[in-house]
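The opening position of the sequence shown corresponds to residue 193 in the working numbering, with each subsequent residue numbered one higher. Glycine residues also receive a C-beta, built at the ideal position from the N, C-alpha and C atoms. Note sheet for the following structure.
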Amino acid sequence: MGVRLVVVDDHRLLAEALASALKLRGHRVLAAAAPSAGAADLVLSRSPEVCLFGTAAPAEPGAFDAVARIKRERPAVAVVVLGPVPDPRGIAAAFAAGASGYVRHDERIEGVERAMAKARAGEVAVAQSLLQGAFAELLNPARQPDDEGARLLEMLTPREVEVLVRVAEGEDTRLIAAGMRIAPSTARTHVQRVLMKLGVGSRLEAAALAARTGLLDQAAASAEHAASADRTPPASAEAPTGTEPGATG
Numbered sequence: 193m194g195v196r197l198v199v200v201d202d203h204r205l206l207a208e209a210l211a212s213a214l215k216l217r218g219h220r221v222l223a224a225a226a227p228s229a230g231a232a233d234l235v236l237s238r239s240p241e242v243c244l245f246g247t248a249a250p251a252e253p254g255a256f257d258a259v260a261r262i263k264r265e266r267p268a269v270a271v272v273v274l275g276p277v278p279d280p281r282g283i284a285a286a287f288a289a290g291a292s293g294y295v296r297h298d299e300r301i302e303g304v305e306r307a308m309a310k311a312r313a314g315e316v317a318v319a320q321s322l323l324q325g326a327f328a329e330l331l332n333p334a335r336q337p338d339d340e341g342a343r344l345l346e347m348l349t350p351r352e353v354e355v356l357v358r359v360a361e362g363e364d365t366r367l368i369a370a371g372m373r374i375a376p377s378t379a380r381t382h383v384q385r386v387l388m389k390l391g392v393g394s395r396l397e398a399a400a401l402a403a404r405t406g407l408l409d410q411a412a413a414s415a416e417h418a419a420s421a422d423r424t425p426p427a428s429a430e431a432p433t434g435t436e437p438g439a440t441g
């Protein structure tokens, strides 16, 4: 027996193509629409058995707000997410919002139908290969910076970090050069490299980006750490061999 469903996707053509294919296979498509952000209102007005919810960015904040609302107001509706090859956060976010399944966008139509049937029956519909891939990434995660500020900071040399702090404090090229005891031309070169690495076109933009991402605080801490290391006095030299403290010649 066919499934009564609603198809939504970020891309209207994908939603309409999938809806047409499912109609040809005997399913009753109540609506096909885009974007997926409007899925909740559509589902609440049609009350399908299953909602196929397509999204191109499952790991983005708020990607599944509509799913959460559907499950809150129509808990009987089973939601199957159609998404790209996901990262663990995408899968976790989908199920945390109340989804009953997760299927890759490029899954064959038969696979989508199996997921729909499982979801309608109250079962979890997710391919074993997706779970294996998600757990593999969780166990062996690729190294990523903690945040945008940390990522940007890693691109700068210690000297460029100091330049950025001085730029954010409003110092011009002359003051930067004097404070760092370098030639103005060298200071100007450092400033240009900082702007290039941060992908901004002016000192004001660099300062704003640094403040917005937390880069400024991290850069200031890094610069202070480097300055403290420079101020640390060297270890006391040992007395010459054979000379006792207080001994006279």
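Beta-bridge partners assigned by DSSP to Phe245: Val200 and Val273. Its Cα nearest to that of Val200, the residue Ile262 stands out among Thr405, Ile262 and Thr349.
Residue burial is scored here from C-beta neighbours: Thr247 has at least 16 other C-beta atoms within 10 angstroms and is therefore classed as buried.
Burial check for Arg373: the Cβ neighbour count within 10 Å stays below 16, so the residue is exposed. Distance from the CA atom of Val277 to the CA atom of Arg380, rounded to whole angstroms, is 45 Å.
Counting only runs of 4+ residues, the alpha helix (DSSP H) found wholly inside the segment 350–404 occupies 350–360, 365–372 and 376–390, in chain order.
For Val304, no beta strand (DSSP E) encloses it; the enclosing alpha helix (DSSP H) starts and ends at Ile301 to Arg312. Nearest in C-alpha terms to Arg343, of all of Ala319, Lys389 and Glu315, is Lys389. Within the DSSP secondary-structure output, Arg296 pairs in a beta bridge with Gly275. Taking a 10 Å sphere around the C-beta of Glu361, we find fewer than 16 other C-beta atoms and assign the residue as exposed. In the DSSP annotation of this structure, Ala319 is not part of any alpha helix (DSSP H), being labelled neither H nor E. Val198 sits close to Ala223, with the two beta carbons spaced by under 7 Å. Annotation: Leu408 to Val359 spans about 10 Å, alpha carbon to alpha carbon.
Among the bridge pairs identified by DSSP, Val221 is matched with Leu197. The Cβ neighbour count for Val273, taken over all protein chains shown within 10 Å, is at least 16; the residue is labelled buried. Contact between Ala289 and Phe256 holds: CB atoms are separated by about 4 Å, below the 8 Å threshold.
The beta carbon of Gln410 lies closer than 8 Å to those of Gly341, Ala342 and Leu345 in the same chain, with the five residues before and after it left out.
Annotation: Thr378 to Ala400 spans about 23 Å, alpha carbon to alpha carbon. The C-beta of Glu315 has fewer than 16 other C-beta atoms within 10 Å across all chains shown, which makes the residue exposed. Apart from the 5 residues on each side of it in sequence, Leu210 sits with its Cβ closer than 6 Å to the Cβ of Val199 in its chain, given in chain order.
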